[in-house]
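Engineer:
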Amino acid sequence: NAGVTQTPKFRVLKTGQSMTLLCAQDMNHEYMYWYRQDPGMGLRLIHYSVGEGTTAKGEVPDGYNVSRLKKQNFLLGLESAAPSQTSVYFCASSRTSGGPRLYEQYFGPGTRLTVT
Amino acid sequence: AQKVTQAQTEISVVEKEDVTLDCVYETRDTTYYLFWYKQPPSGELVFLIRRNSFDEQNEISGRYSWNFQKSTSSFNFTITASQVVDSAVYFCALRVQYAGTYKYIFGTGTRLKVLA
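Chains as they are written, first to last, in our numbering: chain G, 4 to 119; chain R, -8 to 107.
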């Protein structure tokens, strides 16, 4: 049981390049989330998904796209990276029914992205 | 507005001192959940506690304790006899209704430094 994994752990991009961050969870959670963490700003929600095939915008969605083709995977894409997207990205998942850890978010280890 | 305020940006204490981290929240929901997460220097986010809005009992777990007061919209976290390993950034979070589903709102975090 690996929990939530993220690929890659580190990446450096040049302005205008594209990339995809992969998040995978093996806990059969319905909900998945992408956050970015910037100094002094806590975690801000980029996009989220309430189930396979569904996605929705969070608080800071501009410049990002997401897809959830399989329940266990949640992809975050940057089509044309900008220096303002330099951040640490966290993926999380949560269960929404039953069990002792209801609504707890399980976080991946994070991806540190630098855009130059 | 729905938000979480952690007014203490950084706290430094000497080992074995007690320290309280403050969390004040705002929500229009009558049912909600509050959380505390720890982010040690290694960067991962570690779940500490979940509390629902109907349960105002204080909770103690070893050296950690939490005081939830709906009357003041606060969910404070106390570490007794702090240790160097407690040095981390601590986030308070609130789960609220959002766009027909739910989202989590994080505070900006409190960095705790425990000095030997």
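Quick reminder that beta carbons are idealized off the backbone N, C-alpha and C, glycines included.
(1) With a 10 Å radius around its C-beta and 16 neighbouring C-beta atoms as the bar for buried, classify residue 62 of chain R as buried or exposed.
(2) For a contact meaning CB atoms closer than 9 Å, what does residue 16 of chain R contact in chain G?
(3) Between residue 107 of chain R and the rest of its own chain, which residues show a CB-CB distance below 7 Å, the 5 nearest in sequence each way excluded?
(4) Using a Cβ-Cβ cut-off of 8 Å, state whether residue 35 of chain R counts as contacting chain G.
(5) Check the Cβ of residue 100 of chain R against every Cβ in chain G and list those closer than 7 Å, keeping chain order.
(6) Of all the CB atoms in chain G, is at least one closer than 8 Å to the CB of residue 42 of chain R?
(7) Return the CA-CA distance between residue 34 of chain R and residue 111 of chain G, expressed in angstroms with no decimal places.
(8) What's the C-alpha gap between residue 23 of chain R and residue 13 of chain G?
(9) Go through its chain and collect everything with a Cβ distance to residue -2 of chain R's Cβ below 7 Å, but skip five positions before and after it.
(10) Under 9 Å between beta-carbons, which chain G residues line up against residue 94 of chain R? List them in chain order, please.
(11) I'd like to know whether the C-beta atoms of residue 6 of chain G and residue 28 of chain G end up nearer to each other than 8 Å.
(12) Could you say which of G/107, G/82, G/26 lies nearest to residue 74 of chain G if we only look at CA atoms?
(13) Considering residue 51 of chain G, what are the terminal residues of the beta strand (DSSP E) in which it resides?
(14) Ignore the nearest five residues each way along the sequence and tell me which others in residue 52 of chain G's own chain have a CB closer than 8 Å to its CB.
(15) If you reduce the DSSP assignment to three classes, tell me which class residue 63 of chain R lands in.
(16) Shortest alpha-carbon distance to residue 42 of chain R belongs to which of R/1, R/94, R/60, R/80?
(17) With 16 other CB atoms within 10 Å as the buried threshold, where does residue 100 of chain R fall?
(18) Can you find a CB in chain G that lies within less than 8 Å of the CB of residue 54 of chain R?
(19) Going by alpha carbons, who is nearest to residue 32 of chain G out of G/41, G/104, G/16?
Structural biologist: In terms of the structure at hand:
(1) Exposed is the call here.
(2) Chain G residues near residue 16 of chain R: none, gap ~13 Å exceeds 9 Å.
(3) A distance below 7 Å between beta-carbons, with the five flanking residues on each side excluded, links residue 107 of chain R to the following residues of its chain, in chain order: 6, 75.
(4) yes
(5) 45
(6) no
(7) 10 Å
(8) 35 Å
(9) 13
(10) Under the 9 Å cutoff, chain G gives 36, 48, 51, 61, 62.
(11) yes
(12) G/26
(13) 46 to 54
(14) 34, 35, 36, 58, 59, 69, 71, 77
(15) helix
(16) R/60
(17) By the beta-carbon neighbour count (other beta carbons within 10 angstroms, threshold 16), residue 100 of chain R is buried.
(18) no
(19) G/104
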